[in-house]
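Asks: Residue numbers (our numbering): 17 to 179.
1) Which term fits residue 156, buried or exposed, when burial requires 16 or more other beta carbons within 10 angstroms of its beta carbon?
2) Under three-state DSSP, which class holds residue 46?
3) Hey, would you say residue 120 sits closer than 8 Å to residue 131, going by beta carbons?
4) Could you tell me if residue 22 is buried or exposed, where buried requires 16 or more neighbouring beta carbons within 10 angstroms of its beta carbon?
5) Tell me the DSSP secondary structure of residue 65 in three-state form.
6) Below 7 Å CB to CB, which residues in the same chain sit around residue 25 once its five sequence neighbours on both sides are set aside?
7) For residue 147 and residue 116, what's the separation of their Cα atoms in angstroms?
8) If we count the other Cβ atoms within 10 Å of its Cβ and call it buried at 16 or more, is residue 64 buried or exposed?
9) With H, G and I counted as helix, E and B as strand and the rest as coil, what does DSSP make of residue 183?
10) For the putative contact between residue 32 and residue 167, defined by C-beta atoms under 8 Å, what is the C-beta separation to the nearest angstrom?
Structure below.
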């Protein structure tokens, strides 16, 4: 139990740390933002497919999924430090979710596949209804879709090579 909470705390912290490059970069073009958002959507899509949905059918362990949002927050007018702070807060939700998952599993291990399937469905909803349309709004659909494919491939390669 303790190791799982520590791992989720580390994953949540990594989510926030992923926003730190925003503090040192200059303003990004809309094309770069769309490409990055597409890439993030691809990573999330692969993570939901291979770490949430498939394991929900096989009753495997939950996955670590991160959502870098700092670049988009900056693009919407927030300061870089505020965007990094918000990304860190978003990452701190992960240990809280892990705690609720642990509590639910202590009631019944039969809840695991249902919880994984629900999490995978929620992530796919965010990808298809928010991230992809937002990445296509700026007129750089091809770049956003290319980013999505590269993100998916990278996450797939990492999943296959790291287990």
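From the three backbone atoms N, C-alpha and C, an ideal C-beta is built for every residue, glycine too.
Replies: Taking the structure as given:
1) Stepping through the chain shown from its first residue, residue 156 is reached at position 140. So residue 156 ends up on the buried side.
2) As a first step, residue 46 must be located in the chain shown, where it is residue number 30. Residue 46: helix per DSSP, three-state reduction.
3) In the chain shown, counting from the first residue as 1, residue 120 sits at position 104. In the chain shown, counting from the first residue as 1, residue 131 sits at position 115. Against a cut-off of 8 Å, the Cβ pair of residue 131 and residue 120 comes out as a contact.
4) One-based indexing of the chain shown puts residue 22 at position 6. Exposed is the call here.
5) The count along the chain shown starts at 1 and reaches residue 65 at position 49. It is helical.
6) Here residue 25 refers to the residue found at position 9 when the chain shown is read from its first residue. If we look at residue 25 and ignore the five residues flanking it on each side, its Cβ neighbours are 111.
7) Residue 147 sits at position 131 when you count from the first residue of the chain shown. Residue 116 sits at position 100 when you count from the first residue of the chain shown. Approximately 26 Å, taken between the alpha carbons.
8) Against the chain shown, residue 64 aligns to sequence position 48. With 16 or more Cβ atoms within 10 Å of its Cβ, residue 64 is classed as buried.
9) Limits of the chain in this structure are 17 at one end and 179 at the other, which puts residue 183 out of reach.
10) Residue numbering aside, residue 32 sits at position 16 when the chain shown is read from its first letter. Residue numbering aside, residue 167 sits at position 151 when the chain shown is read from its first letter. At roughly 19 Å, the Cβ-Cβ gap does not stay under 8 Å, so residue 32 and residue 167 are not in contact.
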